[in-house]
Each structure stands twice: as structure tokens, then as C-alpha cells.
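Residue 33 in the UniProt record's numbering is what sits at position 33 of the sequence shown, and the numbering runs on without skipping anything. The structure appears below as C-alpha cells.
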Amino acid sequence: MYGKTLPRQNGAPVRLLAHVVILVWLGIVFDQGFSDQLGGDPVQALRDFTGIGALNLLVISLIIRPLAMFFKFTQLLPFRRPIGLHSALYCLSHFYVFIAFELHFEIQLIISEIIKRPYITVGFVTLVTLIVLAVTSVNRIKQSMGSKWFILHSLAYVAVVLDCLHYLWLVKSAWYEPATYLAFTACLLFLRRARIKKYSNSTCMFIYTVLLYVYT
């Protein structure tokens, strides 16, 4: 109905290029950070780059299907998985920068920060969610889970909301940029409302659990 998707063998080089570009970009920025080429505060520069990068990649991975369906350009669909995987990688890199350069791998301090600071709690829940989604994106796992796989991966919409809230909570005064992300995410959720409604019970329960943990 929406046209043919790009054959797997033909789309593989393009997907590989996407992997390479995203990974090389991340590697270059980290190299610049370690060689003091990111200004006066390289740690903050790395933290900002990986955090914003994770959010951008997550939003892009979720907007690909609506765009592909609207423009009947389903050649975009194979890019969802690699971009989503790299969103998890950037998020993990963001967390690494935080615990390595700011908390110096002090386990008790890391646990304390995650528990006591709500915006870090929300960010950590986002990270765990994205890692779970990345691990279960393997075709064999998808096939073994059946319909439960789609329920699990609907949590990507929860992750993007939590990521926006983490960003908004973090910057405090400069709220306009994270608010823009949040507004864009709201539009994305509206476009995907039918799919979200299909798994609304599981998604709402997850949101309720997170909020209950944060505010108690």
C-alpha cells in the first residue's frame, strides 16, 4: 500500500554508512575532549553532546515511520533500528561521562545521585529502557517474544518523554530548547496515538511506576 521497501541486500551499504557516520562522529568528539579541544569545560561539552545526541537520535528513530508512511517513502524504514541502537549508545556514553569524570566511579556516590536527584533518576530510567530495547532488537529475540515484543518496544515512546523531562529538569532556566523538544515529542505522540493506544495499559503502568518512584 505504501510502496516497496528497500531490499535488505541493497539497503545494507546505506545502513552501514549510517552506522559509520554516527560512530565516527561520536569518536571524533570524544577524541577532541581527551585532547582538550572542546573549550574550557570539555566534560560539560561531552556531556551535552552525548545527551543531546541521544535525544535527537531517539526522536529521529521514532519519526521515521510516520514520515515514511506519509510520503510513501518506505526506503527510510530500515534506518529505524540502527538509529535507535545508536540512541542507546549515546545515552550510555552520556552516563559514562557523568559517572567517570564527575563522580569518578564512586559507587556509593553514583547510587546516591540516582536515588536523590529526580532528574538523574529519570535519566537513568531512560538509559535502562533504551538498553533493554537495544538488546531485544535482535531478530531472534523479536521472533521468540511474539506480540510481547511490540508491547515492550512501545516503551520507546515513554523513553523519549522521560528524556525530554530529564533535559528540561536539568537546564532549569534555559527551558526553551527542551520545551521545544517536548512540544515536538507531543506532536510525535499524536501522530502515533493509534499505536500507543493499542499498548496504553502497559505504557501507562510503566509511567505510573516511574513517577511513583521519583516522587516518593
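The beta carbon of each residue, even a glycine, is placed where N, CA and C say it ideally should be. Computed from a prediction, not measured in an experiment: that's the story for all the values here.
Taking 8 angstroms as the cut-off, the beta carbon of Ser-93 is found no closer than this to the beta carbon of Leu-57. With a contact defined as Cβ atoms closer than 8 angstroms, Leu-38 and Gln-32 qualify at about 5 angstroms. Taken in chain order, the whole alpha helix (DSSP H) runs of length 4 or more contained in the UniProt domain "Ferric oxidoreductase" (51 to 162) are 80 to 97, 107 to 116, 118 to 135, 139 to 145, 147 to 153.
Non-local C-beta neighbours of Arg-15 in its own chain, meaning closer than 6 angstroms and more than five positions away in sequence, comprise Pro-78, Pro-82, ordered along the chain. Between Ile-120 and Lys-148, the alpha-carbon positions lie close to 29 angstroms from each other. Annotation for Ala-186: the continuous alpha helix (DSSP H) segment containing it runs 176 to 191.
Collapsing the DSSP output to three states places Gly-33 in a helix. In the three-state scheme derived from DSSP, where H, G and I count as helix and E and B as strand, Gly-27 is classed as helix.
Rounded to whole angstroms, the gap between the alpha carbons of Ser-144 and Phe-49 is 36 angstroms.
Shortest Cα-Cα distance from Gly-51 to any of Asp-36, Ser-137, Leu-103, Pro-178 involves Pro-178. The three-state reading of DSSP puts Asp-41 in coil, since its state is none of H, G, I, E or B.
At the C-beta level, Arg-47 and Phe-124 stay beyond 8 angstroms of one another.
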